[in-house]
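Protein sequence lines, in the order shown, are assigned to chains A, B, C and D.
Residue numbering for the first sequence follows my numbering, beginning at 1 and increasing consecutively.
Residue numbering for the second sequence follows my numbering, beginning at 1 and increasing consecutively.
Residue numbering for the third sequence follows my numbering, beginning at 1 and increasing consecutively.
Residue numbering for the fourth sequence follows my numbering, beginning at 1 and increasing consecutively.
4 protein chains.
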Amino acid sequence: MDVGVWLIGARGSVATTVVTGAAALRAGLAAPIGCVTEAPDFADAGLPPLDRLVFGGHDISSTPLPKKAEELSRAGVIPAPLAELVRQDLEAADAEIRSGIAADADTWSDAAGRPGMAGDTWTRPRDTSVAEGQGAMAQALIRDLTEFRERRGLARVVVIHVASTEPPAVPHPAHHSLEALTTALDRPGRVLPPSSLYAFAALSAGCPYIDFTPSTGVSLPALDELARARGVPYAGRDAKTGETLVKTALAPMFADRALAVRSWSGTNLLGGGDGATLADPASGESKRISKERALPGILGHSVEGRTHIDHVPHLGDWKTAWDHITFEGFLGVRMSLQFTWQGCDSALAAPLVLDLARLLARAHERGHAGAVKELGFFFKDPIALDEHRLQTQYDLLRAWAGELA
Amino acid sequence: MDVGVWLIGARGSVATTVVTGAAALRAGLAAPIGCVTEAPDFADAGLPPLDRLVFGGHDISSTPLPKKAEELSRAGVIPAPLAELVRQDLEAADAEIRSGIAADADTWSDAAGRPGMAGDTWTRPRDTSVAEGQGAMAQALIRDLTEFRERRGLARVVVIHVASTEPPAVPHPAHHSLEALTTALDRPGRVLPPSSLYAFAALSAGCPYIDFTPSTGVSLPALDELARARGVPYAGRDAKTGETLVKTALAPMFADRALAVRSWSGTNLLGGGDGATLADPASGESKRISKERALPGILGHSVEGRTHIDHVPHLGDWKTAWDHITFEGFLGVRMSLQFTWQGCDSALAAPLVLDLARLLARAHERGHAGAVKELGFFFKDPIALDEHRLQTQYDLLRAWAGELA
Amino acid sequence: MDVGVWLIGARGSVATTVVTGAAALRAGLAAPIGCVTEAPDFADAGLPPLDRLVFGGHDISSTPLPKKAEELSRAGVIPAPLAELVRQDLEAADAEIRSGIAADADTWSDAAGRPGMAGDTWTRPRDTSVAEGQGAMAQALIRDLTEFRERRGLARVVVIHVASTEPPAVPHPAHHSLEALTTALDRPGRVLPPSSLYAFAALSAGCPYIDFTPSTGVSLPALDELARARGVPYAGRDAKTGETLVKTALAPMFADRALAVRSWSGTNLLGGGDGATLADPASGESKRISKERALPGILGHSVEGRTHIDHVPHLGDWKTAWDHITFEGFLGVRMSLQFTWQGCDSALAAPLVLDLARLLARAHERGHAGAVKELGFFFKDPIALDEHRLQTQYDLLRAWAGELA
Amino acid sequence: MDVGVWLIGARGSVATTVVTGAAALRAGLAAPIGCVTEAPDFADAGLPPLDRLVFGGHDISSTPLPKKAEELSRAGVIPAPLAELVRQDLEAADAEIRSGIAADADTWSDAAGRPGMAGDTWTRPRDTSVAEGQGAMAQALIRDLTEFRERRGLARVVVIHVASTEPPAVPHPAHHSLEALTTALDRPGRVLPPSSLYAFAALSAGCPYIDFTPSTGVSLPALDELARARGVPYAGRDAKTGETLVKTALAPMFADRALAVRSWSGTNLLGGGDGATLADPASGESKRISKERALPGILGHSVEGRTHIDHVPHLGDWKTAWDHITFEGFLGVRMSLQFTWQGCDSALAAPLVLDLARLLARAHERGHAGAVKELGFFFKDPIALDEHRLQTQYDLLRAWAGELA
């Protein structure tokens with residue numbers, strides 16, 4: 001039976017790369033580079049095959065997937081002929097995209113009215129809004145998910161949030177218990193940020209959920225309660241695809257060798273939409289908090305140094321991170337290490353989306369409910385896991401894959 | 001009971017830093033930064049305490065340790081007041097240094113005749129030479145070791161080779177069995193390079209032995225046979241203190257994430273004596289072979305790229321390594337990582353010498369014989385261990401420390 | 001005849017390195033590395049010899065110069081034996097230091113009361129304050145300068161501001177004309193920031209003045225009027241000693257080769273006092289403005305990218321700058337350049353202080369009045385000069401040196 | 001009247017980028033980024049317009065230009081649609097390509113027989129070879145040039161060598177005078193390397209000649225004599241497009257600031273054909289000699305450090321250079337600068353080919369004969385010019401452009 005992958009932010013760069021890549025892999029047009037779950041360690045874990053994944057999602061953009069794939073082709077993210085070769089798959093996925101919640105308003109995106117859109121499901125009037133309570137909005141989202149599952153005859157649907165990073169959530173008393181939350185959602189007014197409303201809808205619909213970004217999403221006590229009540233697994237948050245990935249590979253080296261790290265400074269230059277979002281101080285703050293979690297966890301103490309996130313539009317879909325580390329060695333002698341990481345954001349993220357969808361689908365099948373800490377390997381700020389060392393996280397993941405078998 | 005640490009190359013930068021540092025730690029003048037075995041993981045392993053280590057060694061230089069320590073002080077390797085504060089310890093260790101085998105001739109260093117030397121043991125005529133067989137030379141070395149052990153009332157003596165890197169050894173049939181070796185050593189002519197003659201002497205004297213450099217040392221079948229016959233443990237080879245250390249921390253990240261490394265290029269700029277030795281094509285070749293072992297072991301395939309070792313005298317005791325890595329991600333998109341490591345060679349090496357001495361002394365005490373693969377964490381080219389991932393090597397070491405308890 | 005060099009911030013790291021270095025050069029203990037004016041191009045310019053410079057200054061710190069020099073010695077800024085060898089010169093200069101204006105209050109530093117201070121001139125009551133008008137404070141400063149000049153029999157005294165960077169000045173109508181300024185200074189209340197009050201005093205006393213930092217200093221129309229009225233030359237501002245130095249050497253390369261620079265991002269990691277000051281958003285802003293002036297001036301257009309200044313105390317007197325530049329080449333192909341500069345701030349600044357003192361003293365002798373644009377080579381934000389290309393600035397300086405002959 | 005540009009290596013990456021780019025500029029499909037001579041400084045120099053350049057050349061490859069352009073498109077050197085849009089221009093230039101001299105044999109390339117070739121001129125039997133003397137081979141080359149000039153009605157033809165780098169030439173007595181050379185060429189056997197035989201032919205045909213590579217080419221006394229005798233200008237050698245470009249922009253900074261550079265180490269990673277050629281020790285040697293010329297010229301003394309050139313095929317048309325510089329500042333304090341240059345070789349070289357063609361054509365028109373030292377700005381190892389500072393070279397070039405007006 002097929003497995004659904006429902007992407008929040010389904011017309012963004014990451015989602016487009018995911019859908020294009022999955023189609024290319026299915027057609028044998030590309031090797032599964034960057035796909036962790038294609039390694040021998042996962043061969044017997046009973047994961048749904050890559051070619052049984054079916055894509056859909058929510059978005060507030062009206063640019064169809066084939067057009068977005070062409071843009072990414074021109075930018076060098078997707079090899080030139082691929083976008084054309086898998087056009088049919090892109091169109092199929094695009095037909096499964098529904099109108100999403102506007103990021104800065106508590107209403108629906110009116111993307112439906114923009115040119116290039118087609119399909120009556122997308123244009124179906126979304127007459128609910130925060131004015132009558134977010135509960136009604138959630139119902140519309142739930143309906144999208146269940147219709148997708150039924151129409152396509154899917155064993156299950158994994159929901160993955162790959163939309164733009166939100167600012168840290170405004171605290172609300174209803175975040176702390178499922179009962180309070182349910183009550184609050186039925187009243188007018190905003191209770192949850194969009195990412196958490198999506199998470200609420202996913203879990204309510206019995207769909208595993210993944211926080212791929214630092215947005216609040218599923219990381220509220222009330223939602224954890226919901227996941228456990230509904231028997232649904234979830235994981236997060238904020239996929240590590242660059243600076244933090246390298247950081248969590250390098251920091252254990254200093255710890256194991258008893259070298260005393262004194263400062264760790266980082267500058268991240270990001271182009272593209274993600275860069276623009278993160279250059280906003282509020283959203284950037286979510287990211288910075290997430291990025292700065294790992295180091296004290298590994299070293300056992302805090303260090304000097306700041307982490308900057310700059311928007312440099314000319315970089316396009318690429319990102320460059322420079323980290324500068326000072327440390328003391330024997331007798332206090334000062335030394336330093338610096339690294340420069342130059343990566344393509346969407347290409348780094350996309351295979352992890354596929355990995356997470358497969359792993360969480362299998363966890364669901366095996367009856368796991370609540371936070372899956374063994375997926376911490378994929379995240380900057382792993383939910384329910386206080387282990388940031390990359391290699392140790394991988395060992396944990398591999399062992400868990402053995403149990404899934 | 002005290003434990004002896006016998007350093008081959010006892011007046012070099014590394015050895016001088018070792019002796020100065022051990023004295024500073026004992027006197028509470030410095031924190032044990034860089035000492036792996038001072039971490040909580042090793043607290044119950046029954047290691048000999050740092051303040052029970054007694055130093056001696058062989059060398060071909062006649063510059064006394066206190067003078068060498070002053071030089072290192074001016075170079076910033078040893079903090080300014082320390083060399084003076086621990087002068088007495090330096091003099092005590094210097095009095096235990098004996099004349100070594102000349103690197104480029106099969107005879108003894110005549111360091112004895114140079115100004116600044118003192119002590120009748122050093123000046124004692126070394127009338128043996130390769131002309132009458134290396135066996136007689138080995139006997140003189142064995143006598144040095146046993147006299148040191150008895151005179152100082154030591155529980156045991158660990159011998160560590162920290163002298164300049166030799167060229168790859170000339171193969172000799174006698175390298176393959178202990179019997180053939182014993183016979184050959186009694187005949188005139190060179191059978192073993194100096195590092196292996198030291199190893200032969202150490203093992204014959206019942207002393208654990210460590211190859212801290214890429215020189216041939218103990219890594220010959222005949223010497224492995226000798227170690228097992230005598231019930232003596234040994235370990236090596238070539239301590240990883242810079243580029244390779246970082247490499248073995250980073251390479252598993254690419255492997256675990258299924259990112260396809262395509263090239264790994266490295267340039268090492270070294271000042272000091274080590275730089276001059278390694279700039280020599282023959283000695284450099286030993287190092288390069290040792291340095292290039294880790295990558296294919298971790299990635300499972302070879303990659304493009306070369307490793308350069310340049311001598312830049314102006315760098316003094318410092319070394320700089322720049323590594324440039326290209327890799328492919330999802331759909332073949334090209335990305336890169338580069339790092340620059342700027343470290344002080346002696347300060348990186350010295351605490352590992354102390355760690356290895358303590359660990360191998362304990363292994364000896366516990367009856368281990370032959371190659372100790374669990375010490376692979378410390379080496380570029382670990383003897384008897386086919387695991388190069390730094391974190392995994394550390395896990396192995398920690399587990400072994402538990403067994404030593 | 002000797003020439004006086006009066007340093008505002010006379011007990012800071014830069015000033016201490018200046019006085020130590022000048023003494024070491026005079027005594028033949030060091031080569032004049034970093035001294036531009038010791039190059040053959042300046043041999044015939046009639047500059048006062050380095051060994052005819054006499055030092056004094058204002059400061060709000062009470063740490064004597066010999067003690068500060070010891071600190072810099074331990075930090076590796078001053079070679080170990082030098083501080084001791086030139087102790088007498090440090091004491092002589094320290095005896096010429098007078099109490100300065102407190103940075104954050106409009107009164108005098110009470111450094112006099114702190115331990116370690118000596119000398120009745122320093123402890124002389126400073127009973128003026130902003131309450132009775134800054135004019136009276138200026139009179140006290142002027143008296144310090146004229147007494148120094150007369151007591152030491154100096155041909156002239158060059159005043160150089162090397163104190164901590166101030167926030168951008170609060171605009172005041174009296175900044176625009178000398179007449180308005182003179183009137184305003186006689187009334188209670190703050191009109192000028194400390195750096196400009198020092199500049200006012202220097203010019204009033206007939207002393208050439210140099211803005212070595214980005215503080216407001218002499219760069220006010222009223223002070224330019226004063227300089228020209230009194231026939232005194234001045235120069236500034238913000239010595240270029242690191243990132244901007246490299247930037248103004250590299251940017252012309254892109255311009256001359258018609259390569260289209262699209263972004264230029266910079267991160268500056270600073271330890272020491274300067275780092276702490278500049279990490280303050282207000283003071284940092286002065287610096288950032290100054291640092292970002294050069295690029296549009298050279299390229300003819302603005303580019304993407306930001307400049308960060310971080311305080312990393314562990315770096316001590318060292319600073320590290322990483323710049324990342326993206327540019328387009330033929331047919332729009334994207335390329336990049338990045339550089340890492342690792343320098344010692346005081347060692348970079350000190351020789352330029354000596355250069356500027358000599359050059360401006362000579363300019364004064366030759367009758368130059370007002371802004372000396374030919375000194376733009378030394379500054380990030382050259383007063384009266386719209387040329388930022390380093391090599392062109394040097395050509396201008398050299399030509400002017402020829403005219404001074 | 002049109003001007004011919006005859007490229008030796010006309011089907012290589014550089015040449016293909018040149019022809020594609022010139023067509024794109026003519027069609028208004030691209031901006032003249034990287035074209036020095038499009039700057040206002042050259043507006044009045046009377047240079048032939050870019051759209052009056054007509055291309056032809058020699059090569060030993062049979063891959064037609066349109067196919068090569070597609071390859072470069074896939075590699076990201078030429079923007080995706082361009083190769084197709086200017087196909088006609090590529091075909092026109094390809095029709096003007098003639099069979100060249102084989103690099104490793106003293107005969108003609110038999111590219112004619114390979115599939116994909118067309119056109120009777122290319123397949124015309126080249127029955128001459130070194131067996132009957134290189135003079136006869138030169139005659140065939142001269143005929144190619146004059147036929148091109150006449151058939152296309154060109155004012156003049158500039159010949160530019162952009163083929164693979166040759167090993168340093170084997171010295172021959174006939175290199176020292178035109179008379180000896182003329183005699184020697186009429187005898188069997190090799191006298192000149194291919195690049196110099198091309199130069200001989202070009203000058204003999206009255207065509208200005210440019211050594212764009214470090215190959216020997218025109219830089220022989222006998223050829224200088226020929227150029228002056230024939231009234232033809234020439235220039236070279238080895239275009240600076242990366243590491244050396246940055247080096248000659250940065251080194252004057254150290255010199256002007258009296259900072260004492262102690263070491264300058266460089267590692268160049270090159271993919272593509274150029275990388276493979278230069279990884280060959282003999283050809284690499286030519287390059288290294290050329291690259292190491294600039295530094296002592298600017299600094300006035302030699303420094304420590306080596307320059308490596310590595311072939312890393314995975315880099316494709318891109319190259320990465322890492323340079324590490326150590327220097328001393330005031331009082332001998334050690335500091336460092338490092339930079340990483342990541343560029344696309346063909347995109348960096350191509351606009352310079354256009355610049356040089358235009359400038360040398362104009363010089364010819366104005367009657368210049370012999371070496372044109374004012375073009376040193378473009379070269380690593382400028383013929384007849386002992387000035388390596390980039391900015392000063394540019395000033396020289398600009399002044400000369402003024403004289404051409």
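A virtual CB, placed ideally from N, CA and C, is assigned to each residue, including glycine.
These figures come from a predicted structure and were not determined experimentally.
Exercise. Roughly how many whole angstroms lie between the Cα atoms of LEU360(D) and GLN391(D)?
Worked result: The residue labelled residue 360(D) in the question sits at position 360 within the fourth sequence. The residue labelled residue 391(D) in the question sits at position 391 within the fourth sequence. Distance between the alpha carbons of LEU360(D) and GLN391(D): 21 Å.
Report, in whole angstroms, the separation of the C-beta atoms of LEU53(B) and ALA357(B), which I expect to be a contact under 8 Å. Counting from 1 along the second sequence, the entry for residue 53(B) is found at position 53. Counting from 1 along the second sequence, the entry for residue 357(B) is found at position 357. That pair is a contact at about 6 Å.
Start and end residues, beta strand (DSSP E) containing PHE327(D): Taking the fourth sequence and counting its residues from 1, one reaches residue 327(D) at position 327. Element bounds for PHE327(D): 318–328.
Item to complete: Leaving aside the five residues before and after GLY376(C) along the sequence, list all residues of the same chain whose C-beta is less than 6 Å from its C-beta, in chain order.
Response: For this step, residue 376(C) is matched to residue 376 along the third sequence. Once the five neighbours on either side are set aside, the close Cβ partners of GLY376(C) are PRO382, LEU385, GLN393.
For ILE75(C), would you say it is in contact with chain B, using Cβ-to-Cβ distances shorter than 8 Å as the test?
Residue numbering aside, residue 75(C) sits at position 75 when the third sequence is read from its first letter. Per the sequence shown, the amino acid found at residue 75(C) is Ala instead of Ile. No, its Cβ sits nowhere closer than 8 Å to a Cβ of chain B.
Give a yes or no on whether the C-beta atoms belonging to VAL218(D) and HIS364(D) are separated by under 8 Å. Reading the fourth sequence from its first residue, position 218 is the one you call residue 218(D). Reading the fourth sequence from its first residue, position 364 is the one you call residue 364(D). In terms of Cβ geometry, VAL218(D) and HIS364(D) do not form a close pair [threshold 8 Å].
I think VAL19(A) touches ASP89(A), with their Cβ atoms under 8 Å apart; what is that distance to the nearest whole Å?
Start at 1 with the first residue of the first sequence, and residue 19(A) comes out as number 19. Start at 1 with the first residue of the first sequence, and residue 89(A) comes out as number 89. Indeed they touch by this definition, with Cβ atoms about 7 Å apart.
Would you call the region 330–345 of chain C and the region 335–342 of chain D in contact, with 3 or more CB pairs under 8 Å? Contact between the region 330–345 of chain C and the region 335–342 of chain D is present: three or more C-beta pairs spanning the two stretches fall below 8 Å.
Does any CB atom of chain D fall closer than 8 Å to the CB of ALA347(A)? Residue 347(A) sits at position 347 when you count from the first residue of the first sequence. Judged by the 8 Å Cβ criterion, ALA347(A) is not in contact with chain D.
**Message:** If the cut-off is 7 Å on Cβ atoms, which residues from the region 341–369 of chain B count as contacting chain A, listed in chain order?
**Reply:** Answer in chain order: TRP341, GLN342, GLY343, CYS344, ALA347, LEU348, ALA350, PRO351.
| In chain order, what residues of the same chain lie with their CB nearer than 8 Å to the CB of PRO252(C), ignoring the 5 residues before and after it? | Indexing the third sequence from 1 puts residue 252(C) at position 252. Only ILE298, ARG389, LEU390, GLN391, THR392 meet the Cβ criterion.
Margin query: Between HIS314(D) and chain B, is any beta-carbon pair separated by less than 8 Å?
Written below: The sequence position of residue 314(D) within the fourth sequence is 314, counting from 1. By this cut-off, HIS314(D) is an interface position.
Just to confirm the assignment: which complete alpha helix (DSSP H) runs, minimum length 4, are found wholly within the region 326–384 of chain D?
The region 326–384 of chain D is shown to contain whole alpha helix (DSSP H) runs of 4 or more residues at 345–365, in chain order.
Checklist line | Among SER196(C), GLY57(C), ALA180(C), the one whose alpha carbon lies nearest that of ALA92(C) | finding: Here the question's residue 92(C) lines up with position 92 in the third sequence. Distance check between ALA92(C) and each of SER196(C), GLY57(C), ALA180(C) places GLY57(C) closest, using alpha-carbon atoms only.
| task | Could you name the residues of the region 255–268 of chain D whose beta carbon sits closer than 7 Å to any beta carbon of chain C, in the order they occur along the chain? | result | Of all residues in the region 255–268 of chain D, those with a C-beta nearer than 7 Å to a C-beta of chain C are ASP256, ARG257, ALA258, LEU259, ALA260, reading in chain order.
Exercise. Please determine, among ALA235(C), LEU245(C), ARG143(C), PRO48(C), the residue with the shortest C-alpha to C-alpha distance to LEU404(C).
Key: As a first step, residue 404(C) must be located in the third sequence, where it is residue number 404. Answer by Cα proximity: PRO48(C).
Proximal chain D residues relative to PHE212(C), where beta-carbon distance stays under 9 Å | Within the third sequence, numbered from 1, the residue matching residue 212(C) stands at position 212. None at all; the shortest Cβ gap to chain D is about 15 Å.
* Asked: Is there at least one Cβ from chain A nearer than 8 Å to CYS207(B)'s Cβ?
  -> In the second sequence, counting from the first residue as 1, residue 207(B) sits at position 207. Closer than 8 Å to the CB of CYS207(B) there is not a single CB belonging to chain A.
- On the three-state DSSP scale, how would you describe PRO214(C)? Stepping through the third sequence from its first residue, residue 214(C) is reached at position 214. If DSSP states are grouped into helix, strand and coil, PRO214(C) belongs with coil.
Quiz item: In its own chain, which residues sit with a C-beta less than 8 Å from the C-beta of LEU315(A), not counting the 5 before and 5 after it?
Solution: As a first step, residue 315(A) must be located in the first sequence, where it is residue number 315. Once the five neighbours on either side are set aside, the close Cβ partners of LEU315(A) are LEU269, LEU270, GLY271, GLY272, GLY275.
Where does PRO233(A) sit, in a helix, a strand or coil, going by DSSP? Indexing the first sequence from 1 puts residue 233(A) at position 233. It is a strand residue.
| query | Who are the neighbours of ARG306(C) on chain A, taking C-beta pairs under 7 Å? | reply | As a working note, residue 306(C) is residue 306 in the third sequence. Simply ASP310.
| message | Please report the straight-line C-alpha distance between LEU352(C) and GLU84(C), rounded to a whole angstrom. | response | Walking along the third sequence from the start, residue 352(C) turns up at place 352. Walking along the third sequence from the start, residue 84(C) turns up at place 84. Cα-Cα distance, rounded: 23 Å.
query: Would DSSP call THR123(C) helix, strand or coil?
result: Within the third sequence, residue 123(C) is the residue found at index 123, counting from 1. Any reading at THR123(C) must be qualified, since the residue scores a pLDDT of 39, below 50, and its modelled position is unreliable; no value is offered.
* Asked: Interface residues of chain C around ALA80(B) at Cβ under 9 Å?
  -> Your numbering for residue 80(B) matches position 80 in the second sequence. Taking a Cβ-Cβ threshold of 9 Å, the residues of chain C close to ALA80(B) are SER73, ARG74, ALA80, in chain order.
Item to complete: Using a Cβ-Cβ cut-off of less than 8 Å, give me the residues of the region 26–40 of chain B that come near chain A, in sequence order.
Response: Cβ contacts with chain A: ALA30, ALA31, PRO32, ILE33, GLY34, CYS35, VAL36, GLU38, ALA39.
So, helix, strand or coil for ASP310(C), using DSSP?
Counted from its first residue, the third sequence places residue 310(C) at position 310. In the structure shown, ASP310(C) sits in a strand (DSSP, three-state: E or B).
Margin query: Classify VAL170(B): buried if its beta carbon has 16 or more other beta carbons within 10 angstroms, exposed otherwise.
Written below: Position 170 of the second sequence, counted from the first residue, corresponds to residue 170(B). Its Cβ having fewer than 16 others within 10 Å, VAL170(B) is exposed.
- How long is the line joining the alpha carbons of THR17(A) and ARG334(B), rounded to whole angstroms? Position 17 of the first sequence, counted from the start, is the residue given in the question as residue 17(A). Position 334 of the second sequence, counted from the start, is the residue given in the question as residue 334(B). Our two residues, THR17(A) and ARG334(B), have alpha carbons roughly 15 Å apart in a direct line.
### Task
Note down, in chain order, each residue of its chain lying with its Cβ closer than 6 Å to the Cβ of PHE55(C), except the 5 sequence neighbours on either side.
The sequence position of residue 55(C) within the third sequence is 55, counting from 1. Around PHE55(C): VAL5, VAL19, ALA93.
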